[in-house]
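Numbering (our numbering), first residue to last: 2 to 383.
The beta carbon of each residue, even a glycine, is placed where N, CA and C say it ideally should be.
None of these values were measured; they are calculated from a predicted model.
See below for the structure under consideration.
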């Protein structure tokens, strides 16, 4: 399966500021000028330059002390999975789904794709704010889109677009000036929740119900949902298995510590729920080939000892997001081969992200696993 990350920024879309781009460009210019000046000093260096300039632009670039700028994040959460059977699974509908949909429509000329499965994690805006801009919702011929998620996620989509109930309400146009009638796609919903023995499947809602304990099959691909801890907001993670390979997707999950008890809105029940979710996540991570985690903070930032970018230092305990240090511990415990850290804080500037990426690269050196920052447009084939 091929996993493509279309949105890896957290909370809201954010791109490098003009001063950051200018600073990187100035660094590239300075490095190139220094490289050329050094070789102008000797006949050997001149010959080296002449030979280099006979090559292709790609060959020249590979020899210069520069590289393409690594951009970490930009759009909010969206991940696409394409299986060897041609099935397409989309995880979350953040602003990244706009570019994801454009690529799907481009490929559709050859694939003739007609069905798409969307799995949502939770109802927060940054994980659903791209849907009304996604071309797959308006395509001709239309797509059949099956949407899986917790009740909050399905309710949010139906509230804004009436896509399951076809009942327009006062909240339908709160975010966008369109509803399901403007979309060509047909939508069906499946709520994922725990079912206890004799509990009836019917909910009175305009969607079906799926037990969280049972895998969801998309062709031969198994999608295994599990609960994450995102404060009072219901949230899911997913493990996707196909062709003997596995991808673990966990965003907006917070690991609370017992020391959190007594903080605003945090008691023993919340800590217990968080640690139970963490234990389930550890179980789901075992032996995963690829994993994506929410690592929005360092612990010093999380506990309010240090600010992020221009943001002042403040406690972020209870905000529902993860720490980089927790990810490092999780990877070392579970045998994950390749871990990506996403949901980048919008206040973390580009230079800080590049420094963070360098730290992770050094950390992974000589290890059995690789840990790096997730990037928009990044593709991993399993």
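| Query | Result |
| --- | --- |
| Can at least three beta-carbon pairs, one atom from the stretch 161 to 180 and one from the stretch 231 to 238, be found at a separation below 8 Å? | no |
| Output the residue ranges of the alpha helix (DSSP H) runs that lie fully inside the stretch 26 to 87 and measure 4 residues or longer, sorted by chain position. | 44 to 54 and 58 to 64 |
| Along the chain, where does the beta strand (DSSP E) that runs through residue 161 open and close? | Looking at the DSSP string, residue 161 is not in any beta strand (DSSP E); the run it does join, the alpha helix (DSSP H), is 152 to 162. |
| Sort 259, 301 and 118 by Cα distance to residue 190 and report the nearest one. | 118 |
| With H, G and I counted as helix, E and B as strand and the rest as coil, what does DSSP make of residue 22? | helix |
| Kindly identify the DSSP beta-bridge partner or partners of residue 324. | 298 |
| Quick check: the stretch 74 to 94 against the stretch 8 to 15, are at least 3 beta-carbon pairs closer than 8 Å? | yes |
| For residue 105 versus residue 137, is the C-beta distance shorter than 7 Å? | yes |
| Using the C-alpha atoms, what's the distance from residue 154 back to residue 226? | 14 Å |
| In whole angstroms, what separates the C-alpha of residue 127 from that of residue 13? | 6 Å |
| Please state if the CB of residue 339 and the CB of residue 371 are separated by a distance shorter than 7 Å. | yes |
| By Cβ distance, which residues of its chain are closer than 6 Å to residue 216, with the 5 residues on each side in sequence left out? | 223 and 225 |
| Provide the residue(s) that pair with residue 218 in DSSP beta bridges, ordered along the chain. | 223 |
| To the nearest angstrom, report how far apart residue 244 and residue 83 are at their CA atoms. | 12 Å |
| So if DSSP puts residue 238 in a beta bridge, which residue, or which two residues, is it bridged to? | 227 |
| If we ignore side chains and look at the alpha-carbon of each, how far apart do residue 232 and residue 321 end up? | 5 Å |
| Assuming contact is defined by CB atoms lying nearer than 7 Å, are residue 142 and residue 186 in contact in what I supplied? | no |
| Just the Cα atoms here: how many angstroms apart are residue 220 and residue 86? | 7 Å |
| If distances are taken between C-alpha atoms only, which option among 284, 304 and 230 comes closest to residue 261? | 304 |
| Please say whether residue 267 and residue 319 have beta carbons closer to each other than 7 Å? | yes |
| Quick check on this structure: which residue in 122, 207 and 70 has the alpha carbon closest to the alpha carbon of residue 95? | 122 |
| Go through its chain and collect everything with a Cβ distance to residue 312's Cβ below 7 Å, but skip five positions before and after it. | 348 |
| Can you check which of these residues, 43, 112 and 158, is closest to residue 120 by C-alpha distance? | 158 |
| Look at the alpha carbon of residue 151 and the alpha carbon of residue 293, and state the distance between them as a whole number of angstroms. | 20 Å |
| Who are residue 292's beta bridge partners in DSSP? | 249 and 340 |
| Buried or exposed: where does residue 170 fall if 16 or more other Cβ atoms within 10 Å of its Cβ makes it buried? | exposed |
| Quick check: residue 73 and residue 360, are their CB atoms within less than 7 Å of each other? | no |
| Three-state secondary structure (DSSP) at residue 91? | strand |
| Helix, strand or coil: which one does DSSP assign to residue 273? | helix |
| Taking only the alpha-carbon atoms, compute the straight-line gap between residue 252 and residue 124 and give it to the nearest angstrom. | 13 Å |
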